[in-house]
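Asks:
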Amino acid sequence: MDYMIGILLLFMILSINSLQSSINRLNQKLNKIANHIGLEETSLLNIKPELKNELLDLVNQNKKVKAIKRLRDATGVELIEAKEYVDKL
1 MDYMIGILLL
11 FMILSINSLQ
21 SSINRLNQKL
31 NKIANHIGLE
41 ETSLLNIKPE
51 LKNELLDLVN
61 QNKKVKAIKR
71 LRDATGVELI
81 EAKEYVDKL
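When the letters of the sequence shown are read in order and numbered with full-length UniProt numbering, they come out as residues 1 to 89.
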């Protein structure tokens, strides 16, 4: 019974490694495609001043949730990233 658990665990580790390799290859391809068509990287470091001012206004009005939603709509970042950014404003 113990050896079956070991074999199952080994199989799971190998599967996870294989999936991670596939994800890395897909990310590399996606980055090449994005660079080829001239897509800008969506980053919180590249936020336009107008958007930042709008977010600051919302935060000053105690509307953090709206600021987070606006940031996510404008940039497509994940919820946790948007929340951390708005919290730092």
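Backbone N, C-alpha and C define an ideal beta-carbon position, used for all residues, glycine too.
Would you check if the stretch 13-29 and the stretch 53-61 touch, i.e. whether three or more CB-CB distances between them fall below 8 Å?
Replies: Result no; under three Cβ-Cβ pairs closer than 8 Å.
Asks: Identify which residue in Gln61, Ile5, Val86 and Lys29 has its Cα closest to the Cα of residue 94.
Replies: A question about residue 94 goes unanswered here, because the residues of the chain that appear run from 1 up to 89.
Asks: If I follow the unbroken alpha helix (DSSP H) through Gln28, where does it start and stop?
Replies: Locating residue 28 in the sequence shown gives position 28, counting from the first residue. From DSSP, the alpha helix (DSSP H) with Gln28 extends over Asp2 to Ile37.
Asks: Taking 9 Å as the threshold (C-beta atoms), are Val59 and Ala67 in contact?
Replies: Residue mapping note: residue 67 aligns to position 67 of the sequence shown, counting from 1. Residue mapping note: residue 59 aligns to position 59 of the sequence shown, counting from 1. A contact, by the Cβ cut-off of 9 Å.
Asks: Just verifying my parser: in three-state terms, what is the DSSP assignment at Asn62?
Replies: Sequence index remark: in the sequence shown, residue 62 carries index 62 (1-based). In this structure, Asn62 counts as coil in the three-state DSSP scheme.
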